Each structure stands twice: as C-alpha cells, then as structure tokens.
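Undergrad: Before I ask anything, here is the structure I am working with.
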Amino acid sequence: MDLPLLFAAFFRPDELAEARKLAEAIDIQQLVQRAKAGDGEAVAILYRLFSGAIYRYMAFRAPTLTDAEDLTAEVFIRMVEGLPSYQVTEVPFEAWLYRIAAVRVADFYRQLGRRPETDLTETMIDDEPLPEEQIAQQQAFEALRKALHQLSDEYQTILLLRFVERKSHEEVARILNKSMTAVKSAQHRALNQLTTLLGADQKIRHYLRGRRD
Amino acid sequence: MTEHHSDAERLARRLDQALPPGETRVPQQSNDPRVNAAILLARTRPPALSPETDQRILGLVMAAHRGHFSDNGARLTLRRRSPVVLRGLLAACLVVVLLVAGLLPVSAASVPGDLFYPVKQALERVELALAMTDAAQAQAHLRHASRRIAEARILLDRGQFDAGVVNAALNSLRVSARKARASGDPGLIDEVQAQTVIVASEFTGLLQQASARGVSTADLQPVAKSLQMAVSDGTLLLPAPPEPTSPPTHTPGPTSQPQAGEPGQQDQPPIAAGSDCAPGDSCQPDSTATPTLSPTGEGASRQSGAGGGADTPTPPGQQGNPSGNPNAGPGNNSGSPPGSNSGQGNSGNPNAGPGNNSGSPLGSNSGQGNSGNPNAGPGNNSGSPPGSNSGQGGGNPNAGPGNNSGSSPGSNSGQGGGNPNAGPGNNSGSPPGSNSGQGGGNPNAGPGNNSGSSPGANSGQGGGNPNAGPGNNSGSPPGSNSGQGGGNPNAGPGNNSGSPPGSNSGQGGGNPNAGSGNNSGLPPGSNSGQGNSGNPNAGPGNNSGSPPGSNSGQGGGNPNAGPGNNSGSPPGSNSGQGGGKGQGGNGNT
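These protein sequences, in sequence, are chains H and A.
Residue numbers for the first sequence follow the working numbering, beginning at 219 and rising by one.
Residue numbers for the second sequence follow the working numbering, beginning at 621 and rising by one.
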C-alpha cells in the first residue's frame, strides 16, 4: 500500500493545507476507482482529504454549525451512495463533491421553508467561556455569514470557493461548469453586493474603507 | 455590459494580485472596498470541526459504505441491476426490513433496562443469523460493538456506568476480529482494522469520560485492563504500528543504561549506492549484509541506539506501564509527573490516540517509550521536556501526522530522540543538546517540513531525516554530527539540505539517495565517510555537491545523480570515490 495514501487517511480538517499538497501528489482518480469498487480505506481517505473543505463550505452556508456538521455527513454519505454511478471525467472529483454540497444546502433550506435569520446565540454551542480573541473571531464569522446568506446560492458558492478555498477563476469555472467570463462577472456582482451588505455593519464599514488607523 | 465586463476583469486581476489562488497568505488591506470584502472572507475561518465530530462523521460515512457494500462477495450487485429471479426474494426481504424498520427507531435508541432493549437484542440476533458469511458476521459484530459503546455513553449521561455493556462491546470486537481473520479476505481485514481503531478509540474516550464524571477507578480499571489485554495480546484486529527499528525486547544488549559514546548496535553497514536499504529496517545489525566501506566517522560516536532503553535494568520502583497513559485514547494526555521514571512505557503516552499528547515532564526518564509518545496518533505531540532521557522513545517515534516536536533540550540518548517514524506534518527533531543513538531527527518521517536535530552534538543514526518523505527537509544544523544520517539520506523529493557547516562524519552527511528537487550537499567543513558530502544517488533536479573543504570517502559529489544541474564538489581536497559527478545523468558540465 502506498505510504502517502495511508498518511492521508489520518488527516484532520485543520491539516487540510498539508492534505491538499498531498492530494496533488496522490492520484485521486485511482482512489475514486478503488472507492467505486467498494474499498473502504479509499472511502476513508477521500473523506479525510475533502471533509475539511466541505465542512468549511457548510459552516458558511448553513444556519448553525450543528447543521453544517449534519450536512457535511450527508454530503459524504451521498458520495458513498453515488460512487458506483460516478463517471470519471476531466472534471475534478472535488467538483462533484461541491455540487452535491450545493444541492444539499438548497434542499435543506427548501425543507426549512425559509431562509432563516442566523441566530447568533444558536450557533454558539460551546458551553465553556471562550477567550476574547476567539469571541471576536466568532463574531466576525457570524457577521460575514449573515451577510453572505443574503446573496444568491451561486454567488455564495463562488465567493467561498474563490476566497475561503482560494481557488482560481478557472478552477471555479470548472467546478460550476461555467465560462471564466461568467465566473468573473458573477464574482464582480457578488462582491459588490457583499460590500454593500457589509457596509451596513459599523465595524466592518470602517475596515472596508481601506484605511489604516 | 461591456463596461461591466471590463470592470469585472479589472477586479478579477486585482483580486488575483491581492489574494493569489492556491496560497494562504492574506494581505492587510487594499484601497478597493470589494477587495477588502474578499480579504475579509479569506481571513475569516469558521470554527474547525472537532476531532470527535470528525470521527463521528467518518463513522457515519463508513457505516453508509458498509451498508452499501455489505458483502464483499456481492459488492454492488444489488444496487446495479437485480436479475429477475432475485426480484421476488428482494420483495420478501423488503417486507421483513420494513417490519423491522418500524421497530428500529424505538429500539435502536434503547439501552439496557429500557422497555425495548430486548427487542433490540432480538433484532441483533436476527442480524447475526442472517449474516451467512464470516465477512458479514464480522461486519455485524463490528456494528454491535459500536452500538454497545453508544449505549454505554447514553447510560453514562444518565449517571450509570455499566461494565457489562462495555465488556460486551469488547467481546463483539473480538468476535469480529476472529470472523474477519477466518474470512481470509485482506480487504475485509483492513476494514475491520480501521473500524476497530475507531471503536477502540471511542472505547477509550468513554473510559476517559467516565473517569472525568467520577466513576471510581475500581470500576474502570477491570474494563481498561481487559481492553489493554485485548490490544496487547492481539485478539483485536488492529493495524500494526510502524515497525520500530529492532524492538528492544528482542535485542540482547548491555544491561547498563545507554550513554553517549558507548558502542552500540548502530554499527550497520552503510547504505550502498542505489540500495533501498532504509535505516531502521533491513539494514539492522542482524542483517547479513556486510559493510562495503567503513565510515571514517564510525568511531566517533556509535551509539547505543534502538533498544538501549529496554535493556535498562528495571530499577527499583516502576516497571511495566505505571505512570503514563500507555493506550490512552484521543484527548489531552499528559504523561507522568516529574520524577524518576523507568521501565517500559512509563512516563509518556506510548499508544495514545489523536490529540494533544505531552510526554513526561522534567525528570530523569529511561527505558522504552519512556518519555515521549511513541505511537501517538495525529495531533500535537510533544516529546519529553528537558531532562535526561534515554532508551527508546525520547520523542514521538511513530507519531501520526501533526506537529510533532521531539524531546526538549537535554541529554537524549537511545532510539527516538526525535520523531523517527512520524507521519506528515511539521516535525522537529530534538532541540539543542547532546543527542545520540538512533533518531536524533525524524528518520522515517512523512512528507512535510522536517527539521533534523538542533545544534549540538548529534551522533548515531538519524541526525537528520534519513528516510523523510517529500517536503522541505533540513538535516541537522551546525554542530558536530556523526554516524549515519547527518542529512537526509533517502529523503523524498523536495528541498533537501544536508547538514550545515560543522564537522560531519559517518554515512549520510548529505542526501545520498534523495529524490528529485533541490538537493544541496553539505556546506563547507570537514566532511568524511560515505555519502557524506554530496548527493550520490540523487534524482533529477538541482543537485550541488559538497562545497570547498576537505571531503573524503565515497560520494563527494553527485555520482549517480539524475538529469538536471548537477555540480560536483568544488575545489578542495576531495578523495575517495565520487569526487565529482561520477556517472551523473544529463547534467550540465
């Protein structure tokens, strides 16, 4: 068994950067083929490789972190279910996962019947008091998520892939099956909207102006 | 529209400049508010998935996988297309399943003592009866083990600790292991291993939780003991830990505690050019291979390496696994408190699961696995703190990926001053001090940033990262390095730098068998011994041999280097085999 493959199985979400680098080295297609054939280890490795990214995506898109966890699990369960019929193409495997994820989120909100106002207290699931810095971080995250939720599904996905996952325009275009021009154009509109939405927030408005204190 | 397009294009360019794709760097601020919004997004991280949740989700996914590929022999057949003959049978099964499913939601959540628990038990018996093959039975028992742990957890939440349920879990694991072995299916064995690890770590997590909730040690100990027994006697199917180089228990050795400078078992044959021989396995002293060349630095400090510690006579007091958390599960594990610890596994967390594991604190630690976290799982593992550490396992010999730091300053000897078989991640070898024996660095570390041992006198095998995977590997820093592996002898591709200035002797001062990438041999200094100063078998890339200085022995340059820019050793006194490019590939002249 390939050693790097074994290592990959042990990655945690916060080690994603490392895992990413490794993922480039490993043959994802080969892993997918193995998973398609029912190889449990390959499934576990695929989960380890992509769970961090999918969870981050869900954390931004779901109303609460608990929902994000559930949705992440659902995406990978769908992956397991869909693998037998998955066709290997030039489109990266990751793109397939993101598509499952986007559909899952949409279904989730459809079932919920409405786009809920993100409730700050609801998402703070920790019972232990957090250090100040962490609270500030969490607040920034909440504010951003709230603003993001005002955007269309597609805009959210584009912004998350571009700036949280740091994908190139080309990669995003491939994941969304769109042209580069369309992605750039959508990104432009999405950022304009986000800037306006964030501008309503006093603290963030100050930041957006781009001046240092 | 055109205006929008050109604006979108301009913004796209500006964004690529401020936040280059594929990088993690985030700039402070720009004067475009839209770029600032993007920067804000790039900077804001959602809270990370906790290891427990991550593990739970993986468990769910694997359960879904098992459900989907339930029997190894009949993979996918039901899903893809069902032959007509099977249709009727399927319909009949469906009725049973629906009936059962009606009861499941109620019974599944039940625990011993509940009204529906007998239903659950009955269903499980049915499940086992329906499992025709060994493989299916192994899977069923695994599921049952997992359920028992879940039940124990629910009970614990109600303030009860039921040793019976926990033992039943262990029993199910045992049976599952037996069935999996009986099936003889390597794929299944692998899967059962993976699942057993998960269940076993849930098990230990449960015990920790129970302990935290005030369940008495008297109640917990028997259960913990039986788990430990099952783990150690091999009844459970667990993946074999990376083979530690020459297990100390098999090493007849001196009965005295290892000390720097003492002749030890690292007198192994130097790696022959092109050989796959990796320090730590086939090249061990019991190997029949004969040395092809005597490293000139051999005498300097051949060290009591692997196993030195286990040969430590059991001093008065502690023997066995007395003071750490030998098989601790995930979480924060701290080893034993200050003091003098000896014997096996006595002061660290030898087989600890993922999490933050810290070895034993200050003190004098000796014996095997005594001061670090020899087989710790992924996470932040720190080896033993300052003090005098000897024997095997001063660091995190087989630690999983993550940030692993070897033992702290002090005098470290024996095997494993660093993170010999650590997985990928940032691995730092032992810090300044006198390090001797095998594994001053990260001999078999996986890919990542691996730094060898810090300045100081490093001797024995593995001053650097002998078999490190791809990544940035730096050999040991300035100081006196001797013995095998001052650099990154068999390092994978990446930027590999051999040991820096200083006096380097013995085998492997450079990157003898390094993969492709930028490999630099040793810097100026006095270099001697085999492979010590260049990159004898380096792959393609920019390979530079040793710089001016006095180089002797085999491998002053890049004798068998692949294509690329290969420069041999520069002026100086170079002697022995391989002063220049040797049989170098298609390099520039």
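By construction, the Cβ of each residue, glycine as well, lies at the ideal position given by its N, Cα and C atoms.
No experiment lies behind these values; they were computed from the predicted model shown.
With a CB to CB cut of under 6 angstroms and the five nearest residues on each side skipped, what residues in its chain are close to Val323 (chain H)?
TA: If we look at Val323 (chain H) and ignore the five residues flanking it on each side, its Cβ neighbours are Arg279.
Undergrad: Mind listing which residues of the stretch 294-306 of chain H have their C-beta closer than 7 angstroms to chain A's C-betas, in chain order?
TA: For the stretch 294-306 of chain H, which is checked against every Cβ of chain A, the residues closer than 7 angstroms are Phe294, Ile295, Val298, Glu299 and Pro302.
Undergrad: By Cβ distance, which residues of its chain are closer than 7 angstroms to Leu790 (chain A), with the 5 residues on each side in sequence left out?
TA: The residues are Ser846, Leu847 and Ala850.
Undergrad: Can you tell me which of the three DSSP states His685 (chain A) falls into?
TA: Three-state result, His685 (chain A): helix.
Undergrad: With 8 angstroms as the threshold, decide whether the Cβ of Asp419 (chain H) is near any Cβ in chain A.
TA: Answer no: the Cβ-Cβ gap between Asp419 (chain H) and chain A never drops below 8 angstroms.
Undergrad: Run down chain A in chain order and give the residues with a C-beta less than 9 angstroms from the C-beta of Phe359 (chain H).
TA: The answer, in chain order, is Thr664, Arg665, Pro666 and Pro667.
Undergrad: Would you mind working out which of A:Ala751, A:Leu743, A:Pro842 and A:Val817 sits nearest Asn787 (chain A), comparing C-alpha positions?
TA: Per the Cα distances, A:Pro842.
Undergrad: Do we get a CB-CB distance below 8 angstroms when we pair His424 (chain H) with the residues of chain A?
TA: Taking Cβ atoms only, chain A never reaches closer than 8 angstroms to His424 (chain H), which makes this a no.
Undergrad: From this set, H:Leu249, H:Gln352, H:Glu292 and H:Asp288, which residue's C-alpha is nearest Leu267 (chain H)'s C-alpha?
TA: It is H:Leu249 whose Cα lies nearest to the Cα of Leu267 (chain H).
Undergrad: Going along chain H in order, which residues have a C-beta closer than 9 angstroms to the C-beta of Asn791 (chain A)?
TA: Here the premise fails: no neighbours, minimum Cβ distance about 23 angstroms.
Undergrad: I'd like to know if Ala758 (chain A) contacts chain D, where contact means its C-beta is closer than 8 angstroms to some C-beta of that chain.
TA: The displayed structure is made up of protein chains H and A, and chain D is not among them.
Undergrad: Does Leu338 (chain H) get closer than 8 angstroms to chain A when you measure Cβ to Cβ?
TA: Note on Leu338 (chain H): pLDDT 45, under 50, position unreliable in the model; the coordinate value appears next. It does not; no Cβ of chain A falls within 8 angstroms.
Undergrad: For a test of the three-state rule: what should DSSP assign to Ser836 (chain A), helix, strand or coil?
TA: It is coil, neither helix nor strand.
Undergrad: For Thr816 (chain A) versus Leu840 (chain A), is the C-beta distance shorter than 8 angstroms?
TA: For Thr816 (chain A) and Leu840 (chain A), no; Cβs fall outside 8 angstroms.
Undergrad: Spatial neighbours of Ala418 (chain H) within its chain, please: C-beta separation below 7 angstroms, excluding the five flanking residues on both sides.
TA: None.
Undergrad: Which value, in whole angstroms, describes the spacing of the CA atoms of Gln405 (chain H) and Phe294 (chain H)?
TA: About 28 angstroms.
Undergrad: Compare the Cα-Cα distances from Ser831 (chain A) to each of A:Gly779, A:Thr855, A:Ser852 and A:Ile818 and report the closest residue.
TA: For Ser831 (chain A), the nearest C-alpha among the options comes from A:Gly779.
Undergrad: According to DSSP, simplified to helix, strand and coil, what is Lys396 (chain H)?
TA: Lys396 (chain H) falls in the coil class under three-state DSSP.
Undergrad: Would Asn787 (chain A) pass as an interface residue toward chain H - the criterion being a Cβ-Cβ separation below 8 angstroms?
TA: No - not a single Cβ of chain H is within 8 angstroms of the one on Asn787 (chain A).
Undergrad: Which residue comes first and which comes last in the alpha helix (DSSP H) that contains Asn787 (chain A)?
TA: Counting along the chain, the alpha helix (DSSP H) containing Asn787 (chain A) begins and ends at Ala783 to Ser803.
Undergrad: Could you please tell me which residues of the stretch 631-655 of chain A, in chain order, have their CB closer than 9 angstroms to any CB of chain H?
TA: Flagged, chain order: Leu631, Ala632, Leu635, Asp636, Leu639, Pro640, Pro641, Gly642, Glu643, Thr644, Gln648, Gln649, Ser650, Asn651, Asp652, Pro653, Arg654 and Val655.
Undergrad: Using alpha carbons as the reference points, say which of A:Leu678, A:Gln637 and A:Leu660 lies closest to Val261 (chain H).
TA: Considering only alpha carbons, the answer is A:Leu678.
Undergrad: If you follow the alpha helix (DSSP H) that Phe311 (chain H) is in, where does it begin and where does it stop?
TA: Its alpha helix (DSSP H) spans residues Phe311 to Leu330.
Undergrad: In chain H, which residues lie with their C-beta within 7 angstroms of the C-beta of Ala657 (chain A)?
TA: The contacting residues are Leu409, Leu412, Thr413, Leu416 and Leu426.
Undergrad: So Leu776 (chain A) is in the alpha helix (DSSP H); what residue range does that whole segment cover?
TA: Note, Leu776 (chain A): alpha helix (DSSP H), Asp754 to Asp777.
Undergrad: When the Cα of Ala319 (chain H) is compared with those of H:Arg274, H:Glu350 and H:Gln368, which residue comes out closest?
TA: Cα-wise, what sits closest to Ala319 (chain H) is H:Arg274.
Undergrad: Have a look at H:Ser370, H:Ala286, H:Met297 and H:Ala358 and flag the residue whose alpha-carbon is nearest the alpha-carbon of Gly256 (chain H).
TA: Comparing Cα-Cα distances from Gly256 (chain H) to each of H:Ser370, H:Ala286, H:Met297 and H:Ala358, the minimum goes to H:Met297.
Undergrad: Quick one: give me the first and last residue of the alpha helix (DSSP H) that Thr290 (chain H) is part of.
TA: Per DSSP, Thr290 (chain H) belongs to the alpha helix (DSSP H) from Leu283 to Gly300.
Undergrad: Since Leu827 (chain A) and Ala844 (chain A) should fall inside the 8 angstroms C-beta cutoff, what is the C-beta to C-beta distance between them, to a whole number of angstroms?
TA: Going by Cβ atoms, the distance from Leu827 (chain A) to Ala844 (chain A) rounds to 6 angstroms, so yes, they are a contact pair.
Undergrad: Are any of the Cβ atoms in chain A nearer than 8 angstroms to that of Arg384 (chain H)?
TA: Yes, Arg384 (chain H) counts as interfacial toward chain A.
Undergrad: If you draw a straight line from the alpha carbon of Ala751 (chain A) to that of Gly854 (chain A), how long is it in whole angstroms?
TA: Straight-line Cα distance between these residues: approximately 25 angstroms.
Undergrad: Tell me the rounded alpha-carbon separation between Glu747 (chain A) and Ala365 (chain H).
TA: Going from the Cα of Glu747 (chain A) to the Cα of Ala365 (chain H) covers about 49 angstroms.
Undergrad: Tell me whether Leu743 (chain A) sits in a helix, a strand or coil according to DSSP, three-state version.
TA: Helix at Leu743 (chain A).
Undergrad: For Gln769 (chain A), which residues of its own chain have a beta-carbon under 7 angstroms away from its beta-carbon, when the five flanking residues on both sides are left out?
TA: The sequence as given places Ile at residue 769 (chain A); Gln does not occur at that position. Cβ neighbours of Ile769 (chain A) beyond the five flanking positions: Ala789, Val819, Glu822, Phe823 and Leu826.
Undergrad: Going by C-alpha to C-alpha distance, which of H:Ser303, H:Val382 and H:Arg252 sits closest to Thr664 (chain A)?
TA: The shortest Cα separation from Thr664 (chain A) among H:Ser303, H:Val382 and H:Arg252 belongs to H:Val382.
Undergrad: Between Leu706 (chain A) and the rest of its own chain, which residues show a CB-CB distance below 6 angstroms, the 5 nearest in sequence each way excluded?
TA: The predicted model places Leu706 (chain A) with a pLDDT of 49, which falls under 50 and marks its position as unreliable, so this point remains unresolved.
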